[in-house]
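So the structure is just underneath, and the comments pick up after that.
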Amino acid sequence: GENVEQHPSTLSVQEGDSAVIKCTYSDSASNYFPWYKQELGKRPQLIIDIRSNVGEKKDQRIAVTLNKTAKHFSLHITETQPEDSAVYFCAASKVGKGDMRFGAGTRLTVKP
Amino acid sequence: NAGVTQTPKFQVLKTGQSMTLQCAQDMNHEYMSWYRQDPGMGLRLIHYSVGAGITDQGEVPNGYNVSRSTTEDFPLRLLSAAPSQTSVYFCASRRKRSGLHEQYFGPGTRLTVT
Chain A
21 GENVEQHPST
31 LSVQEGDSAV
41 IKCTYSDSAS
51 NYFPWYKQEL
61 GKRPQLIIDI
71 RSNVGEKKDQ
81 RIAVTLNKTA
91 KHFSLHITET
101 QPEDSAVYFC
111 AASKVGKGDM
121 RFGAGTRLTV
131 KP
Chain B
22 NAGVTQTPKF
32 QVLKTGQSMT
42 LQCAQDMNHE
52 YMSWYRQDPG
62 MGLRLIHYSV
72 GAGITDQGEV
82 PNGYNVSRST
92 TEDFPLRLLS
102 AAPSQTSVYF
112 CASRRKRSGL
122 HEQYFGPGTR
132 LTVT
């Protein structure tokens with residue numbers, strides 16, 4: 021089955037700096053890659069996603085890039101704010117298939 | 022819409038007891054999944070379903086059973102609880118239709134096995 025690896029496990033940045041989280045996947049047939057944010061004690065919530073027919077997608081301060089050849093994708097957060105502090109998860113799945121596999125998560129801390 | 026609901030929110034079991042975690046969604050989603058979340062290990066897939074009457078195993082299925090008799094409900098059964106099953110359990114659902122991939126999570130059930 022699909023295996024998703026995520027790095028780093030923890031990331032600390034100063035407010036206003038950029039943060040980058042990277043993931044790799046093993047199944048070349050995977051074609052849908054979402055990113056979820058989970059605040060303490062809450063459920064994960066989708067913040068951005070990308071399909072394999074697109075190389076980059078941006079939504080205000082967050083962006084995701086995908087390299088299908090290398091089987092890796094990354095989350096970029098610019099101008100970080102303290103409210104960006106949370107655990108971020110990447111995931112991979114195949115459109116039309118029921119299982120979605122997650123990385124181990126990155127705890128992002130944004131220091132004011 | 023209530024979205025994805027889970028009951029109970031908290032549960033304490035003794036080793037060897039059995040119980041069922043309930044999950045329901047009112048969005049008419051075809052796909053439903055159960056995950057467990059342990060510190061440093063992310064969300065690991067236990068079982069999933071692509072429709073009523075169809076279930077499949079995920080990464081960590083041992084010790085758990087599921088069934089999907091209706092589109093709305095996807096209960097998770099612990100057959101004989103073990104301390105290793107202490108975790109937070111999330112149920113999730115999403116549409117099958119292309120272009121509507123977002124997976125919605127329930128609020129979670131925090132289970133402690135003593």
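Note that the protein sequences, when read in sequence, are chains A and B.
Numbered by our numbering, the letters in the first sequence go through residues 21 to 132 in order.
Numbered by our numbering, the letters in the second sequence go through residues 22 to 135 in order.
For each residue, glycine too, the CB sits at the ideal point set by N, CA and C.
*CB-CB length for serine 39 of chain B against arginine 89 of chain B, believed under 8 angstroms*: Incorrect: roughly 19 angstroms between the Cβ atoms, too far for contact.
*Do you know how far the Cα of valine 115 of chain A is from the Cα of threonine 41 of chain B?*
30 angstroms
*Measure from the C-beta of glutamine 124 of chain B to each C-beta in chain A and report whether the shortest distance is under 8 angstroms.*
yes
*At a CB-CB cut-off below 7 angstroms, which residues of chain B make contact with arginine 63 of chain A?*
Phe111, Phe126, Gly127, Pro128 and Gly129
*CB glutamate 103 of chain A to CB arginine 81 of chain A, shorter than 8 angstroms?*
no
*Just the Cα atoms here: how many angstroms apart are glutamate 93 of chain B and lysine 30 of chain B?*
19 angstroms
*aspartate 119 of chain A: buried (16+ other C-beta within 10 angstroms of its C-beta) or exposed?*
buried
_From A:Gln101, A:Ile67, A:Gly123 and A:Phe109, residue whose alpha carbon lies closest to that of serine 38 of chain A_ = A:Gln101
*Using the Cα positions of valine 33 of chain A and threonine 129 of chain A, report the straight-line distance between them to the nearest angstrom.*
6 angstroms
*Do you know whose CA, among A:Gln65, A:His96 and A:Ser72, lies nearest lysine 78 of chain A's CA?*
A:His96
*asked:* So for proline 54 of chain A, helix, strand or coil by DSSP?
replied: strand
*Interface residues of chain B around tyrosine 52 of chain A at Cβ under 7 angstroms?*
His122
*asked:* Using 8 angstroms for Cβ pairs, my map puts glycine 123 of chain A next to valine 24 of chain A. What's the rounded Cβ distance?
replied: 4 angstroms
*Just the C-alpha distance for glycine 74 of chain B and glutamine 124 of chain B, rounded to the nearest angstrom, thanks.*
20 angstroms
*Can you pull the DSSP bridge partners for arginine 71 of chain A?*
A:Tyr52
_C-beta contact flag for arginine 65 of chain B and glutamate 51 of chain B at 8 angstroms_ = no
_Assigned exposure category for threonine 133 of chain B - 16 Cβ within 10 Å defines buried_ = exposed
*Check whether the Cβ of valine 84 of chain A lies closer than 8 angstroms to any Cβ atom in chain B.*
no
*Kindly say whether glycine 79 of chain B, judged by its beta-carbon, lies nearer than 8 angstroms to any beta-carbon of chain A.*
yes
*List, in order along the chain, the chain A residues whose C-beta lies closer than 8 angstroms to that of serine 70 of chain B?*
Gly118
_Looking at the secondary structure, which residues open and close the beta strand (DSSP E) in which serine 113 of chain A lies?_
106–113
*Just mark valine 107 of chain A as buried or exposed, buried being the case when its beta carbon has 16 or more other beta carbons within 10 Å.*
buried
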